[in-house]
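Residue numbers (the numbering used here): 7 to 365.
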């Protein structure tokens, strides 16, 4: 076969023949053939190709712009085929099924490329799975996803999560970016029973939980040891008050949440919006951090003079590249500590945003 694109359209008209000869097909034909089968929703061929995939990584998420249940089922059926003891394709090398919806250069390699070109495009995936336990890397295929969790899942997401729950012991599931939109408690428990929080690098928390509910979530939060970026944005402004509990209980909840920040080994970006319960506690949050921040974004939060005073003396702010304070009432506060901070970050600060602040 010559030229930039193999004649996959012709091949796909002979699906049965292709499926019976996957072991003999040139490796370089697989990506283009897989893309055509995926676009044409040829589920039987997709299933067989996943099972016989000759590369370490299958970045199928970049092809899944619009979820289709039948296509998803075919992909997962192909993984199930690999799990059966009777099925051992000679060239199968799949180690990582990457289901994240993101660009991947793997699919753009020319058809006349050699195996080394494809392998070089999977190096990022190999670096990624270094954080996984050794036994997982050695024994189990990894399934990597980004998740948006809410009270309602579409059919494809519900099918995948149910499939994953039934294969916890056979596969290793890894979520890199997680968005949480006010799901029931049981859904949270189910998700973290499948996905180890340790591998989450970005968390976006959009909920109307009370402090008591946030405190119940705190242990999961603290186990996200590789968290690099966190967005805390309650859907309602009344997160702080809790009806029918004592101030001591409320303080205990806040402390439980704040103490989790000491567990993060590489947190560098914090975004907070409407997080009123941290008023007067910012010094504790910043003091808990294990690494200096690059980004601090505080939007429409209640902030006190006590919070402001620590800005000029918190060493975890001295390497800021992005400082954003928006929608805040500042005219009644002494802004000298802020001036002191700006002097200390003059060499690193790239973005400074004070929109909609009353100063």
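Glycine residues also receive a C-beta, built at the ideal position from the N, C-alpha and C atoms.
These numbers come from a predicted model, not from an experiment.
Q.
Would the segment 200–209 count as touching the segment 102–117 if we require 3 or more Cβ pairs under 8 angstroms?
A. Cβ pair count under 8 angstroms is below three, so no.
Q) Hey, residue 180 and residue 155 are a contact pair by Cβ (cut 8 angstroms); roughly how many whole angstroms apart? A) The residue given as residue 180 occupies position 174 in the chain shown. The residue given as residue 155 occupies position 149 in the chain shown. About 15 angstroms separates the Cβ atoms of residue 180 and residue 155, ruling out a contact at the 8 angstroms cut-off.
Q) By how many angstroms is the C-alpha of residue 194 removed from the C-alpha of residue 271? A) Mapped onto the chain shown, residue 271 falls at position 265. Mapped onto the chain shown, residue 194 falls at position 188. C-alpha separation (whole angstroms): 23 angstroms.
Q | Proximal residues to residue 82 (C-beta, below 6 angstroms), its chain only, five neighbours per side dropped | A | Looking up residue 82 in the chain shown gives position 76. Same-chain partners within the cutoff: 169.
Q. Using a Cβ-Cβ cut-off of 8 angstroms (strictly less than) and excluding sequence neighbours within five positions of residue 353, which residues of its own chain qualify?
A. Numbered from its first residue, the chain shown carries residue 353 at position 347. None.
Q. What number of angstroms, rounded off, separates the C-alpha of residue 208 from the C-alpha of residue 57?
A. Numbered from its first residue, the chain shown carries residue 208 at position 202. Numbered from its first residue, the chain shown carries residue 57 at position 51. Each residue's Cα considered, the two are about 31 angstroms apart.
Q.
My output table needs one value for residue 180: the three-state DSSP class, helix, strand or coil.
A. Locating residue 180 in the chain shown gives position 174, where the first residue counts as 1. Looking at residue 180 - three-state DSSP - the assignment turns out to be strand.
Q: Please classify residue 366: does DSSP put it in a helix, a strand, or coil?
A: Given a span of 7 to 365 for the chain in the structure shown, any question on residue 366 remains unanswerable.
Q.
Below 8 angstroms on the Cβ atoms is my contact criterion, and I expect residue 279 with residue 239 to pass it. Report the Cβ-Cβ distance as a whole number of Å.
A. The count along the chain shown starts at 1 and reaches residue 279 at position 273. The count along the chain shown starts at 1 and reaches residue 239 at position 233. The Cβ separation is near 4 angstroms, so the contact holds.
(Q) So for residue 59, helix, strand or coil by DSSP? (A) Position 53 of the chain shown, counting from 1, holds the residue named residue 59. Look at residue 59 here: in three-state DSSP terms it is coil, with no helix or strand label.
Q. Can you list, in chain order, the residues of its chain whose CB lies under 8 angstroms from that of residue 295, leaving out five sequence neighbours each side?
A. Counting from one through the chain shown, the residue named residue 295 turns up at place 289. Contacts found: 267, 268, 270, 273, 322.
Q: Please name the residue, chosen from 206, 185, 300, 86, that lies closest to residue 174 on a Cα-to-Cα basis.
A: The residue you call residue 174 lines up with position 168 of the chain shown. Checking every option, the nearest Cα to that of residue 174 belongs to 86.
Q: Mark residue 225 as exposed unless 16 or more other C-beta atoms lie within 10 angstroms of its C-beta, in which case mark it buried.
A: In the chain shown, residue 225 corresponds to position 219, counting from 1. It is exposed - the Cβ of residue 225 has fewer than 16 other Cβ atoms within 10 Å.
Q: Keeping to the same chain, check which residues put their C-beta closer than 8 angstroms to that of residue 234; ignore five residues upstream and five downstream.
A: Your numbering for residue 234 matches position 228 in the chain shown. Only 207, 208, 272, 273, 274, 275 meet the Cβ criterion.
Q: Please list, in chain order, all residues of the same chain as residue 133 whose beta carbon is under 8 angstroms from its beta carbon, the five residues on each side excluded.
A: The count along the chain shown starts at 1 and reaches residue 133 at position 127. Reliability of the predicted coordinates at residue 133 is poor, the pLDDT of 49 falling under 50, and no value is obtained from them.
**Q.** Minimum C-alpha distance to residue 69 - residue among 196, 214, 110
**A.** Locating residue 69 in the chain shown gives position 63, where the first residue counts as 1. Of 196, 214, 110, the residue nearest in Cα terms is 110.
Q. So what's residue 277 in DSSP terms, helix, strand or just coil?
A. The residue you call residue 277 lines up with position 271 of the chain shown. The answer is strand: DSSP assigns residue 277 an E or B state.
Q. Among 285, 305, 315, which one has its Cα closest to the Cα of residue 237?
A. As a position in the chain shown, residue 237 is number 231, starting the count at 1. When each option's Cα is compared against that of residue 237, the closest is 305.
Q: Go through its chain and collect everything with a Cβ distance to residue 221's Cβ below 7 angstroms, but skip five positions before and after it.
A: In the chain shown, residue 221 corresponds to position 215, counting from 1. The residues are 259, 262, 263.
Q) So residue 318 and residue 347 are in contact, right, with Cβ under 8 angstroms, and what is the actual spacing, rounded? A) Counting from one through the chain shown, the residue named residue 318 turns up at place 312. Counting from one through the chain shown, the residue named residue 347 turns up at place 341. Rounded to the nearest angstrom, the Cβ distance from residue 318 to residue 347 is 5 angstroms, consistent with a contact under 8 angstroms.
**Q.** Alpha-carbon to alpha-carbon, residue 106 and residue 22
**A.** Numbered from 1 along the chain shown, position 16 holds the residue referred to as residue 22. Numbered from 1 along the chain shown, position 100 holds the residue referred to as residue 106. Between residue 22 and residue 106, the C-alpha separation is close to 30 angstroms.
**Q.** Three-state secondary structure assigned by DSSP to residue 24
**A.** Here residue 24 corresponds to residue number 18 of the chain shown, with the count starting at 1. The answer is helix: DSSP assigns residue 24 an H, G or I state.
Q: For residue 358, count neighbouring Cβ atoms within 10 angstroms of its own Cβ and tell me buried if that reaches 16, exposed if not.
A: Within the chain shown, the letter at position 352 stands for residue 358. Exposed, by the Cβ-count rule.
Q) Under a Cβ-count criterion, where at least 16 other Cβ atoms within 10 Å of its own Cβ denotes burial, should residue 252 be classed as buried or exposed? A) What you label residue 252 is simply residue 246 of the chain shown in a count that begins at 1. By the neighbour-count rule (16 or more Cβ atoms within 10 Å), residue 252 is not buried but exposed.
Q: Could you check the C-alpha separation between residue 343 and residue 290 for me, to the nearest Å?
A: The residue given as residue 343 occupies position 337 in the chain shown. The residue given as residue 290 occupies position 284 in the chain shown. About 17 angstroms.
Q. Between residue 99 and residue 65, is the Cβ-Cβ spacing less than 8 angstroms?
A. The residue you call residue 99 lines up with position 93 of the chain shown. The residue you call residue 65 lines up with position 59 of the chain shown. No; because the gap between Cβ atoms is not below 8 angstroms, this pair is not in contact.
Q.
On the criterion of 16 or more Cβ atoms from any shown chain inside 10 Å, does residue 320 qualify as buried, or is it exposed?
A. As a position in the chain shown, residue 320 is number 314, starting the count at 1. Buried is the call here.
Q) Which term fits residue 345, buried or exposed, when burial requires 16 or more other beta carbons within 10 angstroms of its beta carbon? A) Within the chain shown, numbered from 1, the residue matching residue 345 stands at position 339. Exposed is the call here.
Q. Roughly how many angstroms lie between the CA atoms of residue 104 and residue 67, to the nearest whole one?
A. In the chain shown, residue 104 corresponds to position 98, counting from 1. In the chain shown, residue 67 corresponds to position 61, counting from 1. C-alpha of residue 104 to C-alpha of residue 67: approximately 6 angstroms in a straight line.
**Q.** With 16 other Cβ atoms within 10 Å as the buried cut-off, status of residue 205
**A.** Counting from one through the chain shown, the residue named residue 205 turns up at place 199. Per the 10 Å Cβ criterion, buried.
Q) What span of residues does the beta strand (DSSP E) with residue 328 cover, start to end? A) As a working mapping, residue 328 is identified with position 322 in the chain shown. Where residue 328 is concerned, the enclosing beta strand (DSSP E) stretches over 328–332.
Q. Buried or exposed: which applies to residue 362, given that a residue is buried once 16 or more other Cβ atoms fall within 10 Å of its Cβ?
A. Counting from 1 along the chain shown, the entry for residue 362 is found at position 356. It counts as exposed.
(Q) Taking the alpha carbon of residue 3 as the reference point, which residue from 312, 293, 332 has its own alpha carbon closest? (A) The question about residue 3 has no answer here: the residues shown for the chain are numbered 7 through 365.
Q: Using three-state DSSP, classify residue 301 as helix, strand or coil.
A: The residue you call residue 301 lines up with position 295 of the chain shown. Three-state DSSP puts residue 301 in a strand.
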